[in-house]
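Visitor: For reference, the structure I am asking about is given below.
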Amino acid sequence: MPALSQPVLVVDDYSTMRRILRSLLEQIGFTHIVEAEDGGTALNKLRSEPFGLVISDWNMEPMSGLQLLKAVRADAQLKAMPFIMVTAESKPENVVAAKAAGVNNYIVKPFNAETLSKKIEAVLGQLK
Amino acid sequence: MSMAASTKAATSVRRLAKKEYLAFEELVASTAEGRAFLRQRDSVARVVAAEKVRRMMQEIMPHLGQPTRTSAAEHVRILRKELQEISAHIVQTRNEISALRPDQEGTSRIVLATNELDSIVSATERATYEILNGAERIQAAAQKLPSTPEIGPIAKEISGQATEIMTSCSFQDLTGQRITKVVNALRYIETRINAMIDIWGVEEGGRRETANPLHDSRPDAHLLNGPQHDAANQSEIDSLFESAPAPSASPSSPGDQQPDQTAIDSLFK
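Residue numbers (numbering that gives the first Met the number 0), protein chains in the order written: chain A, 0 to 127; chain B, 0 to 268.
Shown next, in the form of structure tokens:
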């Protein structure tokens, strides 16, 4: 698994979900995991410290995951940031909108550890 | 005079010229008896004329569709009955709305239901944390087991099952989102009821805020539907993701990029 030493930013408004993702990421081998509870907080963290991957929920307030993704892609310093959406939004239009905005992969909740691991590997592998 | 001449004389009444008429009238009116005669003649003529007009109106009115005095009274009676029924419905509606307003302690059934649902979210969150704690402790214990050929596979199986328990705890997020949707729906209903209370004047005091407090101003609000009853599985999402168009080469500013219709249409071919 590449880039395990890079910090990962986990963005979700549910603390339970952040904890689950943190635990799964630690099992995968990531050692530096940072949490944010909404898009705005995440964007501030992304602009103030280096990260190698963003795993974000979509439905958050005041800034949603899609807004965060668009802000990241519009930021010259962050536009190449690997970004995985993990969300309960499973309609085709959601997938289309997320991909059009530049998301690297899309995981629908509920998911299992294997799915998360495969998607991270695919995204970080693509970026090698 | 022959019969024919007599008939002709009777049917062809001579009309006086205006000058002759005025001269005769002046002559008759020159005496008191003559003036009395003229007044009496005029009075009889008015009565006869009025009776003729009344009869003509009775003959014409049915043809014009105008109500007679009897049917107009019937219409008034029906209208009064309808108004009484409308009034009764208004009173009943006011009473029903009044029953929905918060009681003196400021609580209503909707508020109670909302609080109960909030409690469910809090309780499941606490329970989920406890389950996660337990799963993590199991994993930590499994990692301490010796990695011998006998124990190693069992420790790995225990750790894997603990991971399954953890990922299953994502139910709390999904149920939380569903309950939030219900709570928002209840709050919307409450807002509309309060608006009706204001309109019907059921409650004393100042007007309530009738604007929708649940308005979502996020630019992607139209895409935020939460968990679906017929949610796609990960394989279907992967297929969709593969076929979805990639972002354009020069992404626009945040919040305004939308897939074009052609790209969306291609997904459904």
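Glycine included, C-beta positions come from ideal geometry on N, C-alpha and C. Source: prediction; values computed, not measured.
Could you check how far apart the C-beta atoms of residue 103(A) and residue 81(A) are, in whole angstroms? I think they sit under 8 angstroms.
Guide: Contact holds; Cβ gap of about 5 angstroms.
Visitor: List the residues of chain B whose Cβ lies closer than 7 angstroms to the Cβ of residue 16(A), in chain order.
Guide: Near residue 16(A) (Cβ distances below 7 angstroms), the residues of chain B are 169, 172.
Visitor: Flag residue 29(A) as yes if its beta-carbon sits less than 8 angstroms from any beta-carbon of chain B, otherwise no.
Guide: Not closer than 8 angstroms to any Cβ of chain B, the Cβ of residue 29(A) fails to qualify, so no.
Visitor: Taking just the CA atoms, how far does residue 34(B) sit from residue 19(B)?
Guide: The alpha-carbon atoms of residue 19(B) and residue 34(B) are separated by roughly 18 angstroms.
Visitor: When the Cβ atoms of the region 88-101 of chain B are set against those of the region 156-169 of chain B, are three or more pairs found closer than 8 angstroms?
Guide: Flag = no, the region 88-101 of chain B and the region 156-169 of chain B do not touch.
Visitor: Less than 8 angstroms between CB atoms is the rule here; does residue 9(A) satisfy it with respect to chain E?
Guide: Included in the structure are the protein chains A and B, with no chain E among them.
Visitor: Buried or exposed for residue 189(B), going by 16 or more other Cβ atoms inside 10 Å?
Guide: With 16 or more other Cβ atoms within 10 Å, it is buried.
Visitor: Could you tell me the alpha carbon to alpha carbon distance between residue 227(B) and residue 11(A), rounded to whole angstroms?
Guide: For residue 227(B) and residue 11(A), the distance between alpha carbons rounds to 19 angstroms.
Visitor: Contact criterion: CB-CB distance below 8 angstroms. Does residue 217(B) meet it with respect to chain A?
Guide: Closer than 8 angstroms: yes.
Visitor: Any idea if residue 36(B) is buried or exposed, counting beta-carbon neighbours within 10 angstroms, 16 or more meaning buried?
Guide: When all chains shown are included, residue 36(B) counts as exposed.
Visitor: Roughly how many whole angstroms lie between the Cα atoms of residue 71(A) and residue 37(A)?
Guide: Distance between the alpha carbons of residue 71(A) and residue 37(A): 14 angstroms.
Visitor: Below 8 angstroms on the Cβ atoms is my guess for residue 55(A) versus residue 75(A); work out the distance and round it to an integer in Å.
Guide: Not really, about 20 angstroms apart at Cβ, beyond 8 angstroms.
Visitor: Straight-line CA distance for residue 206(B) to residue 48(A)?
Guide: With a pLDDT of only 42 at residue 206(B), under the threshold of 50, the placement of this residue in the model should not be trusted; the figure read from the coordinates follows. Each residue's alpha carbon lies about 49 angstroms from the other.
Visitor: So, is residue 16(A) buried or exposed, given that buried needs 16 or more other C-beta atoms within 10 angstroms?
Guide: With 16 or more Cβ atoms within 10 Å of its Cβ, residue 16(A) is classed as buried.
Visitor: Are the CB atoms of residue 172(B) and residue 63(A) within a distance shorter than 8 angstroms?
Guide: No, Cβ-Cβ distance for residue 63(A) and residue 172(B) is not below 8 angstroms.
Visitor: Just reading off the alpha helix (DSSP H) that residue 240(B) is part of, what are its end residues?
Guide: First-last of the alpha helix (DSSP H) with residue 240(B): 233-242.
Visitor: Would you list the residues sitting across from residue 191(A) in a DSSP beta bridge?
Guide: Outside the shown range of chain A (0 to 127) lies residue 191(A), about which nothing can therefore be said.
Visitor: Interface residues of chain A around residue 128(B) at Cβ under 9 angstroms?
Guide: Going along chain A in sequence order, the residues near residue 128(B) (Cβ under 9 angstroms) are 14, 15, 18.
Visitor: Since residue 183(B) is in the alpha helix (DSSP H), which residue starts that stretch and which ends it?
Guide: Its alpha helix (DSSP H) spans residues 170-199.
Visitor: Buried or exposed: which applies to residue 124(A), given that a residue is buried once 16 or more other Cβ atoms fall within 10 Å of its Cβ?
Guide: The residue in question, residue 124(A), is exposed, as its Cβ has fewer than 16 Cβ neighbours within 10 Å.
Visitor: With distances taken from CA atoms, which of 154(B), 111(B), 89(B), 215(B) is nearest residue 352(B)?
Guide: Coverage of chain B is limited to positions 0 through 268, which leaves residue 352(B) absent and any answer about it impossible.
Visitor: Compare the Cα-Cα distances from residue 246(B) to each of 111(A), 107(A), 95(A) and report the closest residue.
Guide: Closest by alpha carbon: 95(A).
Visitor: Check whether chain A comes within 8 angstroms of residue 165(B), counting only Cβ atoms and requiring the distance to be less than that.
Guide: Chain A contact via Cβ: present.
Visitor: Reducing DSSP to helix, strand and coil, say where residue 43(A) ends up.
Guide: Reduced to three states, the DSSP call for residue 43(A) is helix.
Visitor: Go ahead and pull the three-state DSSP assignment for residue 100(A).
Guide: Residue 100(A) falls in the coil class under three-state DSSP.
Visitor: Give a yes or no on whether the minimum CB-CB distance between residue 152(B) and chain A is below 8 angstroms.
Guide: So, not an interface residue.
Visitor: What residues in its chain sit with their C-beta under 6 angstroms from that of residue 198(A), if we drop five residues either side in the sequence?
Guide: There is no way to answer for residue 198(A), as the model of chain A reaches only from 0 to 127.
Visitor: Just the chain B side, please: which residues come within less than 7 angstroms of residue 108(A) by C-beta, in chain order?
Guide: Result: 169, 172, 173.
Visitor: Distance cutoff 8 angstroms, beta carbons only. Does residue 88(A) sit that close to anything in chain B?
Guide: So, interface residue.
Visitor: Would you call the CB atoms of residue 144(B) and residue 137(B) closer than 8 angstroms?
Guide: In this structure, residue 137(B) does not lie closer than 8 angstroms to residue 144(B) by Cβ.
Visitor: By how many angstroms is the C-alpha of residue 108(A) removed from the C-alpha of residue 229(B)?
Guide: The straight-line gap from Cα to Cα measures roughly 13 angstroms.
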